[in-house]
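Peer 1: Below you'll find the structure I mean.
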Amino acid sequence: MISRRVHNVVFSLGIVLLLGTVAVPAQAESGFAPVDRPGPELSVPPEELQAALSCHGDPGSDQQPVLLSPATSVTPEQNYSWTYAKAFTAQDRFWCVVTMPEHTMGDIQVAGEHLVHAIREVHRLTGKRIAVLGHSQGGMSMRWALRFWPDLRPMVDDVIGMAPSNHGTDAMPLCGPGPNSCEPAVWQQQAGAEFMRALNSRAETFAGISYTVVYTRHDEVVTPPESAELHTGDGSISNVATQDVCATNTSTHLIVGTTDPVTYALVTDALDHPGPAEPDRVDPSVCAQPLMPHVDPASVNTYLQPLQAIPGLASTALPGVNLVGAPSVDREPQLRCYVYAAGC
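With mature numbering (1 follows the signal peptide of the UniProt record, and there is no 0) as the guide, the letters of the sequence shown map in order to residues -28 to -1, 1 to 316.
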């Protein structure tokens, strides 16, 4: 059992989104913005948006380009440098990463603006429709950009979430005022948060985009695990549990977004074929692999084991005290005016 004094900081790879429930005013479905209303001007300074984006490889590569979005509380280096970045480099695939403010623990509406800029820029650099791939918060947050900036939709071919927090989590309800305050991204990833209501309003998916959701039935962070799934809208959707491919797969939330070979096989399938991933195309031999390709076993000691050693998959700072990242707050951040039907 995790003590109430175990809370957020460094290296939790989205684990801090375990925390919290909060009562917020209900907003009728019709109260949210129409799905086709043009998005607002970005409030983050352009130089900050550009500095947050880092790209690698040949933008003229024949491979579909990928934008990588990190999980709560980590940087792209911690999340991807030893896994998918190496794999995509070996594939001669052009890939980019976006570093979110406040260690990916701040207001996801601000992270969404970073993704708006990054999607536009990667599309501009390559001239291709791109894939956006992310873990946990990073597997959900691109959907905020697509929901409220419809000009992005023709630029994106694939949305791929690895254990994404698409409908929040009902685990560990500890967030509250005073000593139980949490970081903004933690509040926003609770089941029932106003952020989640806005994100999933009117339509979860959009025509012309393929959505692949890979999750594990052993997820202890995004709970229930099926809350990762997408169902509404006009996009092509594939919701796949790793156990649908390999019945004995034991991957947890952390493993799905890092070293799991089944997840990697599904991600690659989605990137290499039209439409979302199809589990029937995955070679059953993947079930016998201990790690996804291109992961150096030594990296597991460097990156993964410290994360697994955190008690109860929570990080270890006192409530209300965050050593890196966003300051803790007593309530969920207010939704921006563009979210509502009344607009700004």
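We treat Cβ as the ideally placed atom computed from N, Cα and C, and that holds for glycine. The structure presented is a predicted model; accordingly, all values stated were derived computationally and were not measured.
#1: Got a sec, what are the start and stop residues for the alpha helix (DSSP H) THR98 sits in?
#2: Return the CA-CA distance between PRO17 and MET77, expressed in angstroms with no decimal places.
#3: So, under 8 Å CB-CB, ILE80 and VAL128 are touching, yes? Tell me the CB distance rounded to an integer number of Å.
#4: If you reduce the DSSP assignment to three classes, tell me which class SER199 lands in.
#5: For GLN63 and TRP159, I'd like the C-alpha separation in whole angstroms.
#6: Measure how close the beta-carbons of PRO248 and SER208 come, nearest whole angstrom, since I'm counting them as under 8 Å.
#7: Following the continuous beta strand (DSSP E) through PRO103, name the residue where it begins and the one where it ends.
#8: Comparing alpha-carbon positions, which option in LEU97, ALA213, ARG9 lies nearest VAL234?
#9: Pick helix, strand or coil for ASP130, following the three-state DSSP scheme.
#10: Going by DSSP in three states, THR235 sits in which element: helix, strand or coil?
#11: According to the neighbour-count rule (16 or more other Cβ atoms, all chains shown, within 10 Å of its Cβ), is SER2 buried or exposed?
#12: Mind checking whether TRP54 and TYR275 have CB atoms under 8 Å apart?
#13: Count the other CB atoms within 10 Å of the CB of HIS75; is the residue buried (16 or more) or exposed (fewer)?
#14: Specify whether the region 95 to 109 and the region 31 to 42 touch according to this definition: at least 3 beta carbon pairs, one from each stretch, less than 8 Å apart.
#15: For the beta strand (DSSP E) that contains TRP67, what are its first and last residues?
#16: State the DSSP-derived secondary structure class of GLN22, mapped to helix, strand or coil.
#17: Report the option in VAL267, ALA59, THR44 whose CA atom is closest to the CA atom of PRO156.
#18: Near SER173, what residues of its chain come up, given a Cβ to Cβ distance below 7 Å and the 5 sequence neighbours on each side ignored?
Peer 2: Checking against the coordinates, here is how it stands:
#1: Unbroken alpha helix (DSSP H) run through THR98: 80 to 98.
#2: About 19 Å.
#3: About 18 Å separates the beta carbons of ILE80 and VAL128, which is beyond the 8 Å limit, so they are not a contact pair.
#4: Looking at SER199 - three-state DSSP - the assignment turns out to be helix.
#5: CA-to-CA, the gap between GLN63 and TRP159 works out to about 37 Å.
#6: That pair is a contact at about 5 Å.
#7: First, the amino acid is wrong: residue 103 is Ala here, not Pro. Here the beta strand (DSSP E) through ALA103 covers 102 to 107.
#8: Distances from the alpha-carbon of VAL234 to those of LEU97, ALA213, ARG9 put ALA213 closest.
#9: Reduced to three states, the DSSP call for ASP130 is strand.
#10: Three-state result, THR235: helix.
#11: SER2 should be labelled exposed.
#12: A contact, by the Cβ cut-off of 8 Å.
#13: With 16 or more other Cβ atoms within 10 Å, it is buried.
#14: A contact is defined here as three or more CB-CB pairs under 8 Å, and the region 95 to 109 meets this definition with respect to the region 31 to 42.
#15: For TRP67, the uninterrupted beta strand (DSSP E) run begins and ends at 67 to 70, by DSSP.
#16: In the displayed model, GLN22 falls within a helix according to three-state DSSP.
#17: For the residues VAL267, ALA59, THR44, the minimum Cα distance to PRO156 belongs to THR44.
#18: Excluding sequence neighbours, SER173 sits near GLU1, PHE4.
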